[in-house]
Amino acid sequence: MSITRTPLPAASAARHAARSGLIQITVTGVLWGTTGVAVQLLREGTGLSPVSIGFHRLAIAALVLLACTAGRLRTIVSTLRAAPVPLLLTGVGLGLYQALYFAAVAWAGVSVATIVSLGLAPVLAAAWESVQARRLPGPLRLGTLVAAVAGLVLITGATGQPGAAAPAPLLGLLAAAGSGLGYAVTTLISRQVSQRTAPMTLTTISTVVGALTLAPFALVAGVGLPVRLDTVALLLHLGVVTTAVAYALFYAGLRTTPGSVAAVLTLLEPLTAAALAVALLREPLPLPVIVGGVLLLTAVAATYLAPDRADSR
Numbered sequence: 140m141s142i143t144r145t146p147l148p149a150a151s152a153a154r155h156a157a158r159s160g161l162i163q164i165t166v167t168g169v170l171w172g173t174t175g176v177a178v179q180l181l182r183e184g185t186g187l188s189p190v191s192i193g194f195h196r197l198a199i200a201a202l203v204l205l206a207c208t209a210g211r212l213r214t215i216v217s218t219l220r221a222a223p224v225p226l227l228l229t230g231v232g233l234g235l236y237q238a239l240y241f242a243a244v245a246w247a248g249v250s251v252a253t254i255v256s257l258g259l260a261p262v263l264a265a266a267w268e269s270v271q272a273r274r275l276p277g278p279l280r281l282g283t284l285v286a287a288v289a290g291l292v293l294i295t296g297a298t299g300q301p302g303a304a305a306p307a308p309l310l311g312l313l314a315a316a317g318s319g320l321g322y323a324v325t326t327l328i329s330r331q332v333s334q335r336t337a338p339m340t341l342t343t344i345s346t347v348v349g350a351l352t353l354a355p356f357a358l359v360a361g362v363g364l365p366v367r368l369d370t371v372a373l374l375l376h377l378g379v380v381t382t383a384v385a386y387a388l389f390y391a392g393l394r395t396t397p398g399s400v401a402a403v404l405t406l407l408e409p410l411t412a413a414a415l416a417v418a419l420l421r422e423p424l425p426l427p428v429i430v431g432g433v434l435l436l437t438a439v440a441a442t443y444l445a446p447d448r449a450d451s452r
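Read in my numbering, the sequence shown has 410 at position 271, and its numbers run on one by one without any break.
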């Protein structure tokens with residue numbers, strides 16, 4: 140007599156989808172980690188303001204995505220009409236927290252801006268999810284957050300000293316904190332939207348809205364730049380790789396990944412950024428940065444290798 144085992148394929152498919160989501164967000168974190176150095180090089184080579192760089196980044200991504208989704212514009216418009224508020228909030232938040240991040244890079248340096256802005260996100264997201272669920276996070280989630288925060292404290296303490304690369308460290312810290320708050324809120328909103336919106340559609344709408352949000356500020360600050368091969372290459376990298384591709388992966392991963400877990404996984408961004416800052420910008424690499432990096436990798440690995448137990452219980 141044959142026995143039907145329908146639950147097993149469904150469970151296997153769910154595990155596969157969850158694992159795929161983790162991989163997508165992990166790749167996103169690595170791609171985002173190249174943003175800080177690219178912004179630093181652009182500022183040094185062009186003198187563009189942070190908000191202008193953010194505008195160019197989102198505008199390039201929006202144009203590329205609109206070209207790729209030209210045959211689905213009616214679907215995009217109907218999706219926006221069906222849920223205008225969360226989609227618009229996602230786009231506005233995307234523009235604002237990126238502008239704050241770029242300002243933090245200019246005022247406090249790549250490492251501090253990236254670590255503080257990304258470091259706040261998992262803590263805030265986990266706290267909000269706990270309030271929503273009316274229960275504390277599970278032991279593994281708490282351990283993961285503690286390891287991540289400890290790593291961030293070590294790295295920030297070692298790299299946050301004022302210097303030539305940090306002309307306004309206090310303003311940079313405040314901008315990074317604002318960026319982290321905006322990132323956490325936008326991630327929680329976009330996770331809800333991603334459950335009923337295709338990743339490419341969500342990415343297209345959010346980048347278009349984000350670019351329009353920054354456009355007035357960018358026009359005031361100035362958007363002109365020299366047309367050189369290195370400048371064009373950096374802008375294309377920011378717009379196509381770290382925005383269009385990365386956010387499509389991020390929104391796809393959010394379909395099966397809680398916001399706080401996603402925020403922990405994207406801590407690969409500060410690790411990547413710190414490594415690139417050392418290699419390309421010659422920033423120092425003291426022992427606390429190495430120890431902090433190990434702690435952050437441990438937190439990411441724990442979340443990645445045990446996603447089911449990492450959820451709140």
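Built from N, CA and C at the ideal position, the CB exists for glycine as well.
Exercise. Could you say if the stretch 270-282 and the stretch 409-422 meet the contact criterion of at least three C-beta pairs nearer than 8 Å?
Key: No: fewer than three Cβ pairs fall under 8 Å.
Practice problem: Please work out which residues of its chain come closer than 6 Å, Cβ to Cβ, to L424, disregarding the five sequence neighbours upstream and downstream, and give them in chain order. | Solution: Taking the first residue of the sequence shown as position 1, residue 424 is located at position 285. The beta carbon of L424 sits closer than 6 Å to the beta carbons of V417 from its chain, once the five residues preceding and following it are set aside; these are given in chain order.
Self-check item: Cβ neighbour criterion (16 or more within 10 Å) applied to Q334
Solution: Counted from its first residue, the sequence shown places residue 334 at position 195. Exposed: under 16 other Cβ atoms inside 10 Å.
Quiz prompt | Inter-residue CB distance, T346 and A438 (contact presumed, cutoff 8 Å) | solution = For the purposes of this step, residue 346 is identified with residue 207 of the sequence shown, where counting begins at 1. For the purposes of this step, residue 438 is identified with residue 299 of the sequence shown, where counting begins at 1. A438 and T346 do not touch by the CB rule: their CB atoms are close to 29 Å apart, not below 8 Å.
Practice problem: Just tell me which of G175, T167 and V430 has its CA closest to the CA of A242. | Solution: Locating residue 242 in the sequence shown gives position 103, counting from the first residue. When each option's Cα is compared against that of A242, the closest is G175.
Self-check item: Extent of the continuous alpha helix (DSSP H) run through P189
Solution: Position 50 of the sequence shown, counted from the first residue, corresponds to residue 189. For P189, the enclosing alpha helix (DSSP H) covers residues P189 to C207.
Quiz item: Are L293 and V430 touching if we call contact CB-CB under 9 Å?
Solution: As a position in the sequence shown, residue 293 is number 154, starting the count at 1. As a position in the sequence shown, residue 430 is number 291, starting the count at 1. Yes, the pair counts as a contact, with Cβ atoms nearer than the cut-off.
Self-check item: Nearest neighbour of L327, chosen from L204, A260 and T340 [CA to CA]
Solution: Translated into the one-based positions of the sequence shown, residue 327 becomes position 188. Considering only alpha carbons, the answer is A260.
Quiz item: Just how far apart, CA to CA, sit A414 and V428?
Solution: Within the sequence shown, the letter at position 275 stands for residue 414. Within the sequence shown, the letter at position 289 stands for residue 428. Roughly 10 Å between the two C-alpha positions.
Quiz item: L341 to Y390, Cα distance in whole Å?
Solution: In the sequence shown, residue 341 corresponds to position 202, counting from 1. In the sequence shown, residue 390 corresponds to position 251, counting from 1. Between the alpha carbons of L341 and Y390 lies a gap of roughly 7 Å.
Quiz item: alpha helix (DSSP H) containing T395: first to last residue?
Solution: Working through the sequence shown from its first residue, we reach residue 395 at position 256. Counting along the chain, T395 sits inside no alpha helix (DSSP H), nor does DSSP assign it H or E at all.
Self-check item: Residue interval of the alpha helix (DSSP H) (run including G311)
Solution: Position 172 of the sequence shown holds residue 311. Following the DSSP letters along the chain, one finds G311 inside the alpha helix (DSSP H) bounded by residues P308 to S333.
Quiz item: Cα separation between R196 and L353?
Solution: One-based indexing of the sequence shown puts residue 196 at position 57. One-based indexing of the sequence shown puts residue 353 at position 214. Rounded to whole angstroms, the separation of the alpha carbons of L353 and R196 is 10 Å.
Quiz prompt | Close Cβ partners of T165 (< 8 Å) along its chain, the five nearest in sequence each way excluded | solution = In the sequence shown, the residue the question calls residue 165 occupies position 26. These residues qualify, in order along the chain: L404, L407, V439 and Y443.
Quiz prompt | Contact belief for A315 with V203 at Cβ below 8 Å, rounded distance in angstroms | solution = The residue you call residue 315 lines up with position 176 of the sequence shown. The residue you call residue 203 lines up with position 64 of the sequence shown. Between the beta-carbon of A315 and that of V203 there is about 28 Å, and that puts the pair past the 8 Å contact cut.
Exercise. Take G302 and list the residues in its own chain whose beta-carbon comes closer than 7 Å to its own, dropping the five residues that flank it on each side.
Key: Translated into the one-based positions of the sequence shown, residue 302 becomes position 163. Interpretation of G302 is limited by its pLDDT of 46, a score under 50 that renders its predicted location unreliable; the figure taken from the coordinates is listed afterwards. Excluding sequence neighbours, G302 sits near nothing in its chain.
Quiz item: A387 by DSSP, collapsed to three states: which one?
Solution: By 1-based counting over the sequence shown, the position of residue 387 is 248. The answer is helix: DSSP assigns A387 an H, G or I state.
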